[in-house]
Every structure is written in structure tokens, then in C-alpha cells.
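Trainee:
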Amino acid sequence: MGDPARGAVAALALRGGRNALPLAAAVLATPWLGMIGALLFPGTATYDPEFSGRTVFVLGLHGQVFMAAVLLLALTGATAATLRASRR
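Residues in the sequence shown are numbered from 24 upward in steps of one, following this note's numbering.
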């Protein structure tokens, strides 16, 4: 991670207020969103065909893409629950 990116992440981490949690969740979700977003491009492979014998598929998805979807759902649920609890 370069210095500008490191500075941006540090600025988000130090920023207080109500928007700190959604911003932190967005930074955390970036790699998972990238994995799922790559599926939108036609012809994009989710695995290397050379290793197709060792690739694990879950519900028709590559194991890492499936885990990315599960973790994004968990992160979204945890963020929503935390924001809802903090408003009470």
C-alpha cells in the first residue's frame, strides 16, 4: 500500500462521528467487492484452469467468491445492526 493510500486509510480511521463505521466497512469490503465485481465482465475466470482439479466450488461458485459473498453479507448485517443499535 502506497503512502497516499495509507494516508487515506489513516484519515478514515481517525475521523470521528456518525459516518466512521460505514466508511470503515467500505474500506474492509473493497477486496470482496472487487472479486464479485469481476464477475460482471464477460469471459472473466474466477479460477485458473490449470488448477481446476484442486478448485473447490460451492453452489456453483468458486470457493473464494462464495466466501466473499458470505463475508459481505455478514459485514452488511453487522454494520446495519450496529448503526440501528446506536440510534436508539
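C-beta atoms are modelled at their ideal positions from N, C-alpha and C, and glycine is treated no differently.
Out of curiosity, what's the CA-to-CA distance linking residue 137 and residue 51?
Mentor: One cannot answer for residue 137 here, as it falls past the ends of the chain, which runs 24 to 111.
Trainee: Am I right that residue 106 and residue 55 are in contact with their C-beta atoms under 8 angstroms? What's the rounded C-beta distance?
Mentor: Here the question's residue 106 lines up with position 83 in the sequence shown. Here the question's residue 55 lines up with position 32 in the sequence shown. No, residue 106 and residue 55 are not in contact; Cβ-Cβ is about 19 angstroms, not under 8 angstroms.
Trainee: Just to confirm my understanding: we take residue 81, look at its own chain, exclude 5 residues before and 5 after, and list those with CB closer than 6 angstroms. What are they?
Mentor: The residue given as residue 81 occupies position 58 in the sequence shown. Counting only Cβ-Cβ distances below 6 angstroms, and skipping sequence neighbours, we find 89.
Trainee: Return the bridge partner residues of residue 84 from the DSSP annotation.
Mentor: For this step, residue 84 is matched to residue 61 along the sequence shown. 81, per the DSSP bridge assignment.
Trainee: Does the distance from the C-beta atom of residue 102 to that of residue 45 stay below 8 angstroms?
Mentor: The residue given as residue 102 occupies position 79 in the sequence shown. The residue given as residue 45 occupies position 22 in the sequence shown. Yes.
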